[in-house]
Each structure stands twice: as C-alpha cells, then as structure tokens.
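Participant:
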Amino acid sequence: MKFAKEQLAVYFIAGSQNVGGDVDKLIQIVEDACKNGITMFQYREKDKSTLTDAEKLQVAIQLKEITTKYNVPYIIDDDIDLMKEINADGIHVGQDDTKIERVIAECPNKIIGLSTHTLDEVRAANNVDSLDYIGIGPIFATQSKLKVKPAIGIDELNRLYQESTHPAVAIGGIKEDNAKAVLTTNVDGVSVISDIIDSSDIQQTINRLKGNA
Ligand code: TZP
Ligand code: MG
C-alpha cells in the first residue's frame, strides 16, 4: 500500500490491554472507528496485555478483515513476524523496540513508523530515508502507556515538527477538546487510544479529532 500523509489525520491505536482484555469489545470498537472515519489503525498488544501469541494472531487476523473492508491502512506495533504472517500494511516501532534498521531491512514495501520524543531523535529519524512517518509525543499526560516519557507540550511539538523532514503524527493525551490546539502546529494528524475507546459517540469524536466542529 502506498502511503499518503493525509492518512495520518486520525490514527487510532488499540490492543486488548486497552479494553480490559475484552477482545470482542476491541473488535467492535475498531469496526466502529473504521466505519466512522479513522484514517489509520495500529494493533498494539503491549504493556498489560495477557494474550498468548496464538490469541494475538487470531485477533490480528480479525482486525485485518475489518481494516481491509473499510480500506484503512493496518499497522502492527513492533512485531515483524506477525506483520509478515498476516501481511499487514506496515509496522511501527519505538526507540526501545526492534531497531529501525532491522525493520527497514526486513519489511520492504511496508509503511514504516518510528516514535520520537526529543529533537535528537527527530534529527536521527531525518537520516532514515525509508521512514514513512514519525510519532511525536507524548504531548500531554496519558494513562494508556506504561513507562511513558514526560509530556512535551504543544510548543515542543511545534519545535520538533518544524525540524522533521518526515510526516508526523502527535500522540499522548490527545482528546476531542484539545485536538484543535494540537493541530495549530500543522502536524499531519493525531494518534489516540483512550479518546476513541472511551467515546460514547465515535463519529463525533473522530470529527473533532480532525479539528472539525
Ligand atoms: N505512545 C506515546 S503516548 C501513548 C503511546 C502509545 C499512549 C496514547 O494513548 P492516549 O490514551 O491517546 O493518551
Ligand atoms: Mg517506505
């Protein structure tokens, strides 16, 4: 799948740990989110996840059917084997995950994303031609990730995004009521976990995350 940076507009991330282990709920929410306008999805089975590899594979396959049906690019978090096994559209890694050089070598023709937190990390990412996008964050405090780094705020997001030669998505504590402020930096999109998972009106939430309404 060819990557267009417009696809970063609303990048939803989720795994079983974000829904208290309720896999059926996860699948339902992802379908709802795809139906209502997310532009990218990442399956991230991490932190407090209790799924076995076999369970993770089954969930990943079901999520692939949904994302394919709605034509939403499907990214796997830090699991090259799973990404290959289900032929997902791409892979995302953080600074402490599988090394980006290995990801690039093993995942040709896939969408590749890397998380960044500092100016040095953004500059290092600029030297990696095959990256399709970077994540910048956390922008605000978040409960959705263990071992999370300190929040950087909107001014620092602005500085890092200005420095980046790659398209970028902002992440961490982004909600429908602060998305507009985040988007004033002209960052290409916002990435969220809890704002969509906890939403009582996913369509409205996604619209607001796009900076509308
Ligand atoms: N990486 C940096 S912050 C974060 C990840 C995966 C969690 C974002 O979750 P939320 O609920 O949108 O703050
Ligand atoms: Mg590429």
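Here the working numbering is used: the first residue of the sequence shown is 146, the next is one more, and so on. From the three backbone atoms N, C-alpha and C, an ideal C-beta is built for every residue, glycine too.
If you count every other CB in all the chains shown that lies within 10 Å of the CB of Q288, and 16 or more means buried, which is it?
Facilitator: For the purposes of this step, residue 288 is taken as residue 143 along the sequence shown, with counting starting at 1. Q288 comes out exposed.
Participant: Is the Cβ-Cβ distance between Y219 and D242 less than 8 Å?
Facilitator: Translated into the one-based positions of the sequence shown, residue 219 becomes position 74. Translated into the one-based positions of the sequence shown, residue 242 becomes position 97. Not a contact, by the Cβ cut-off of 8 Å.
Participant: Excluding sequence positions up to five away, which residues of its chain have a Cβ less than 8 Å from the Cβ of S275?
Facilitator: The residue you call residue 275 lines up with position 130 of the sequence shown. Closer than 8 Å at Cβ, skipping near neighbours: I249 and I257.
Participant: Just jot down, in chain order, the residues whose CB lies closer than 6 Å to any heavy atom of the ligand TZP.
Facilitator: I158, G282, P283, T287, S289, K290, V293, I316, G317, G318, I319, V337, I338, S339 and D340
Participant: Could you check which residue in I206, D224, V267 and Q162 has the C-alpha nearest to that of I281?
Facilitator: Taking the sequence shown and counting its residues from 1, one reaches residue 281 at position 136. For the residues I206, D224, V267 and Q162, the minimum Cα distance to I281 belongs to V267.
Participant: For Y306 and E151, I'd like the C-alpha separation in whole angstroms.
Facilitator: Here the question's residue 306 lines up with position 161 in the sequence shown. Here the question's residue 151 lines up with position 6 in the sequence shown. Approximately 16 Å between the Cα atoms of the pair.
Participant: Mind the definition here: the segment 186 to 199 touches the segment 156 to 168 only if three or more C-beta pairs lie below 8 Å; say whether that holds.
Facilitator: yes
Participant: Using only the alpha-carbon positions, how far apart do P312 and G298 sit?
Facilitator: As a first step, residue 312 must be located in the sequence shown, where it is residue number 167. As a first step, residue 298 must be located in the sequence shown, where it is residue number 153. Distance between the alpha carbons of P312 and G298: 19 Å.
Participant: Between which two residues does the alpha helix (DSSP H) carrying D340 extend?
Facilitator: Locating residue 340 in the sequence shown gives position 195, where the first residue counts as 1. According to the DSSP assignment, D340 belongs to the alpha helix (DSSP H) that extends over S339 to I342.
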